[in-house]
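Novice: I have a structure here, written as structure tokens, and I will follow up with some questions on it.
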Amino acid sequence: MKPVATLTVWRGAPPQEGHYESYPVPFEPGQSVLDGLRHVRAHVDPTLALRYSCINANACKECMVLVDGKTVYGCTTRLEAREMRIEPLRNKDWVRDVVSEIAPPDERLPDHQSA
Amino acid sequence: MLQEMTRTLQTDVLVIGAGGAGMYAAIEAARRGAQVILADRGLIGRSGATVMAQMTVAAATAEPAADSVENHLADTLRAGRGLCEPELSKLLCEEGLACVREMDAWGVGWARQGEQFSPIMAPGHDRARCVYVDFLNTGPAVSRTLRTQVIRTPGVMRVGDLCLTDVVIEQGRCTGAVGLHLPSGDPIVVQAHAVVLACGGLTRLYARNSASANMGGDAYALALRAGARLIDMEFVQFFPIGHLAPRMIGMDPIMWDPFRYKLGGRLLNGKMEEFTHRYGAVDDGRYTITRDQATYAITKEVEAGRGSPHGGAWLSFAHCSPEQLKEAFGPVIGRLAKNGIDLTKTPIEVAPIAHYHMGGIAVDTAMSTGVPGLYAAGEAVGGANGANRLSGNAITEAFAFGRRAGASAAAYVANVANVASAASAASAASAASAASAASAASVANVAASASGAPEPSAAARALLGTLSPGSLAATVNTAAEIELLQQVMARHVGPFRTGQGLREGLAQIREIAARVRAAPAHRPQAFDPEWIDWLDLRTMTLVAEAVTLAAIERTESRGAHQREDYPGLDDTWLRHLQVRLPGTPAQLTLESIPVASKEAA
Ligand SMILES: Cc1cc2nc3c(=O)[nH]c(=O)nc-3n(C[C@H](O)[C@H](O)[C@H](O)COP(=O)(O)OP(=O)(O)OC[C@H]3O[C@@H](n4cnc5c(N)ncnc54)[C@H](O)[C@@H]3O)c2cc1C
Ligand code: FES
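Following this line, the structure appears as structure tokens:
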């Protein structure tokens, strides 16, 4: 039997309440949590919302999530062959699934404005 | 229904993409008096290639040793193997140099020895010409510096998380763009007199790449649908020594290049033998081999059954002491250790990965696409690097072309404003309406002051139809379709091509396109991953087809385009292939056009 990592992921979007869903993903040493979440999208459920750009370089800093309650970058946290709990950041507005509003306030779209 | 949620913004110049090219364009347009919206589908200055660059920026600073723009230009043209548009290459070298100095004044922190820059030697350059920021920090430093400068420049509004999906054309002129605001799922109209396409390249089309998730070729699709032309789409640069194994996190896969610049390093096959000389390229652990030669040598060695375990080559730094490594790369060595890599003990595996796109939007030296009001800059543009790009030239290109595009867009807007204000002055005279003449001073405010919230035009509303729910089959996994497309491109449209493979690839691309033709069945929601994938597939299938069609047509091997069934240069092919998207229903067309000769320059 190949080892498996089980990602227990916060799902849903406001105004609804969220809930957890678990996804087993094949585990290969060296992979990141982001690798695991992307695997879920491509093989199980494409509606899982994630946020990331650079994937490897750890340059965009868009992939911040809570893993087992700790704030980390999804792309630099190693996937482990056990259950891991993935949630959106608590101190930011929740957008969908594990995505929260992370853009600096003055770089967000204003409601109505001409520049 | 769509219309109710539609939000409209207005500006003089809309810059799409906030990488090196887009940020420079925004700064320059605003310095010249234009109001600017700088929009990015990710975060400002964080989401494209610029922030990921770890290596160097080429410019003839003539520090510490003599150099000149002419020298830099000669190397650039030589690497481009006859397909550079010489005037664009010249602009890259000349204006790029001015930008590198301006960046220095803005505090980017190019590495220095004493007072002077300490540039390094990179393959294809005839001397040490490539400035950088330690340690592996060029891209982050460049992005941070430009973003700070954008913030300091009055007149630029930054909008992140806004994915523009189509440029609006009315009466043959560009009047803005429409798109999707990702955090809300709302359709957006940006009314602008000029648009700069600075949305980067297309390397996400390939399975193994150095790209971010935002590099699926949006600039090319936006340009094609707006009626602009693309050239040299078949020229995708593969970076020969992309990291292959062991799996490494928090490090960019192209990081071994700076290691080779500073420390040499030996390329070895699966039997631990040096091999590049078998393919006519001497390397000797000094890193003089060019990108296309190294890609060729590694690929052929793997084909011959002499690859490393994961299907690449070994790269060994066993000749370096721990002290040498620490001195050259400081904290990076600790990050490697966390990944279980000790370069003094074990080599790593490398293989070619899609890295940069030489081709792109056809522009003149003002960065005009030929569609009035539509400009392009950065990797999105084709022509400056011909069939192969030198290391370090891409960021220089982003700076130079961004600055030029910003200046041109501002000048164009001022001109439109004059025309508008002349027209409204005339109407003011006849209708004695002083108020309208006064407000015409700033074109951007005309519509707003006339009617409060501006109304999207019919053309903009029609384009927003793309965001209406469709009938995409529930069985289609959009994320899987993207991965499939990437595999098809890697297998059939990679660095080494055959007519048969390319045609097979084309058929498979078209099958994917057919499967995802209809939009998702629901309205776009807040941060809607299926919609984002679907918009990416809309772009990526179109751009993949453009690359493949051009690769089929070019029956020779030149620079980054290598046809195994047509080896060698064929000088009847000293021409560009130009791609357009005319007609209803729109279809890609190919046409071969001459490389601009002196008379055009
Ligand atoms: C890992 C890596 C390392 C590199 N290292 C070097 C190096 O050392 N030296 C060198 O010269 N070159 C290097 N290159 C190449 C160079 O970085 C790029 O060619 C250059 O930075 C491109 O700049 P740009 O502004 O044109 O595009 P980018 O920096 O890619 O910016 C484009 C922006 O457009 C945004 N965007 C895309 N589509 C849309 C849309 N539809 N709506 C809104 N926004 C959109 C993206 O999110 C992105 O932020 C490297 C490339 C990579 C990938
Ligand atoms: S994906 Fe870019 S920092 Fe994690």
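Residue numbers (my numbering), protein chains in the order written: chain A, 1 to 115; chain B, 1 to 601.
All C-beta atoms in this analysis are idealised placements derived from N, C-alpha and C, irrespective of residue type, glycine included.
The model shown is predicted, which means the values in this text are computed figures rather than measured ones.
Relative to chain B, which residues along the stretch 45-79 of chain A have a C-beta separation below 9 angstroms, given in chain order?
Specialist: Going along the stretch 45-79 of chain A in chain order, one finds Asp45, Pro46, Thr47, Leu48, Ala49, Leu50, Arg51, Tyr52, Ser53, Cys54, Ile55, Asn56, Ala57, Asn58, Ala59, Cys60, Lys61, Glu62, Tyr73, Cys75, Thr76, Thr77, Arg78 with a Cβ nearer than 9 angstroms to chain B.
Novice: Is histidine 125 of chain B close to chain A? Criterion is C-beta to C-beta, closer than 9 angstroms.
Specialist: no
Novice: By how many angstroms is the C-alpha of leucine 66 of chain A removed from the C-alpha of cysteine 75 of chain A?
Specialist: 12 angstroms
Novice: Check each residue's C-beta against every heavy atom of ligand 2 and list, in chain order, those closer than 7 angstroms.
Specialist: A/Leu34, A/Tyr52, A/Ser53, A/Cys54, A/Ile55, A/Ala57, A/Asn58, A/Ala59, A/Cys60, A/Lys61, A/Glu62, A/Cys63, A/Tyr73, A/Gly74, A/Cys75, A/Thr76
Novice: Do the stretch 198-209 of chain B and the stretch 356-371 of chain B touch if we need at least three Cβ pairs shorter than 8 angstroms?
Specialist: yes
Novice: Leaving out five residues on either side along the sequence, give the residues of the same chain with a beta carbon under 6 angstroms from the beta carbon of alanine 30 of chain B.
Specialist: Val36, Thr153, Gly155, Val156
Novice: Is threonine 581 of chain B near glycine 17 of chain B, with beta carbons less than 9 angstroms apart?
Specialist: The amino acid occupying residue 581 of chain B in the given sequence is leucine; threonine does not appear at that position. Inclusion of leucine 581 of chain B and glycine 17 of chain B in the CB contact set at 9 angstroms is not warranted, their separation being larger than that value.
Novice: Checking the sheet assignment: what are the DSSP bridge partners for lysine 70 of chain A?
Specialist: A/Val67
Novice: Based on the DSSP secondary-structure assignment, which residues constitute the bridge partners of alanine 163 of chain B?
Specialist: Residue identity differs from the one stated: residue 163 of chain B is cysteine in this sequence, not alanine. According to DSSP, cysteine 163 of chain B bridges with B/Leu180.
Novice: Residues of chain A with CB closer than 7 angstroms to the CB of valine 159 of chain B, please, in chain order.
Specialist: Glu107, Leu109
Novice: Using 8 angstroms as the threshold, is the stretch 522-534 of chain B in touch with the stretch 463-483 of chain B, meaning 3 or more CB pairs across them?
Specialist: Touching, per the Cβ criterion.
Novice: Helix, strand or coil for cysteine 174 of chain B per DSSP?
Specialist: strand
Novice: Using only the alpha-carbon positions, how far apart do glycine 568 of chain B and glycine 265 of chain B sit?
Specialist: 30 angstroms
Novice: Tell me the DSSP secondary structure of glutamine 116 of chain B in three-state form.
Specialist: strand
Novice: Starting from leucine 43 of chain B, find everything on chain A with Cβ-Cβ shorter than 9 angstroms and list it in chain order.
Specialist: Ser53, Cys60, Lys61, Glu62, Ile102, Ala103, Pro104, Glu107
Novice: Compare the C-beta of alanine 81 of chain A against all C-beta atoms of chain B and say whether one is closer than 9 angstroms.
Specialist: no
Novice: Measuring CA to CA, which of B/Leu83, B/Asn71, B/Ala74, B/Arg7 is closest to isoleucine 593 of chain B?
Specialist: Residue B/Leu83 is the option with its Cα nearest to isoleucine 593 of chain B.
Novice: Considering only the alpha carbon of each residue, which of B/Asn415, B/Leu463, B/Ala198, B/Glu483 lies closest to aspartate 218 of chain B?
Specialist: B/Ala198
Novice: May I ask you to verify whether the stretch 314-331 of chain B touches the stretch 276-284 of chain B, counting CB pairs closer than 8 angstroms and requiring at least 3?
Specialist: no
Novice: Just to confirm, is the Cβ distance from glutamate 553 of chain B to arginine 497 of chain B under 9 angstroms?
Specialist: no
Novice: Let me know if isoleucine 361 of chain B comes out buried or exposed under the rule of 16 or more other beta-carbons within 10 Å of its beta-carbon.
Specialist: buried
Novice: Could you give the residue range of the beta strand (DSSP E) that holds serine 316 of chain B?
Specialist: 313-316
Novice: With 9 angstroms as the threshold, decide whether the Cβ of glutamine 487 of chain B is near any Cβ in chain A.
Specialist: no
Novice: Nearest-angstrom Cα distance between glycine 172 of chain B and isoleucine 102 of chain A?
Specialist: Our two residues, glycine 172 of chain B and isoleucine 102 of chain A, have alpha carbons roughly 38 angstroms apart in a direct line.
Novice: Which same chain residues, not among the five before or five after alanine 394 of chain B, have their C-beta less than 7 angstroms away from its C-beta?
Specialist: Tyr356, Glu379
Novice: Could you tell me which whole alpha helix (DSSP H) segments of length 4 or greater appear in the stretch 54-98 of chain B?
Specialist: 69-79
Novice: What do you get for glutamine 310 of chain B, buried or exposed, if any count of 16 or more other CB atoms within 10 angstroms of its CB means buried?
Specialist: Before going on, a small fix: residue 310 of chain B reads as histidine here, not glutamine. It is exposed - the Cβ of histidine 310 of chain B has fewer than 16 other Cβ atoms within 10 Å.
Novice: Could you work out which residues of chain A lie near isoleucine 231 of chain B, taking near to mean beta carbons separated by less than 8 angstroms?
Specialist: Chain A residues near isoleucine 231 of chain B: none, gap ~28 angstroms exceeds 8 angstroms.
Novice: Name the one or two DSSP bridge partners that glutamate 349 of chain B has.
Specialist: B/Ala245, B/Trp314, per the DSSP bridge assignment.
Novice: Can you tell which of A/Ala42, A/Pro14, A/Glu28, A/Asp35 has its C-alpha closest to the C-alpha of threonine 475 of chain B?
Specialist: A/Ala42
Novice: DSSP three-state label for alanine 459 of chain B, please.
Specialist: helix
Novice: Roughly how many angstroms separate the alpha carbons of proline 14 of chain A and arginine 225 of chain B, rounded to a whole number?
Specialist: 36 angstroms
Novice: Taking buried to mean at least 16 other C-beta atoms within 10 Å of its own C-beta, is serine 68 of chain B buried or exposed?
Specialist: exposed
Novice: Comparing C-alpha positions only, which one of B/Leu484, B/Asp528, B/Gly499, B/Ala337 sits nearest to glutamate 511 of chain B?
Specialist: Nearest C-alpha to glutamate 511 of chain B: B/Leu484.
Novice: Would you be able to state if there are at least three C-beta pairs under 8 angstroms between the stretch 72-82 of chain B and the stretch 382-392 of chain B?
Specialist: Contact annotation: the stretch 382-392 of chain B touches the stretch 72-82 of chain B, with at least three C-beta pairs closer than 8 angstroms.
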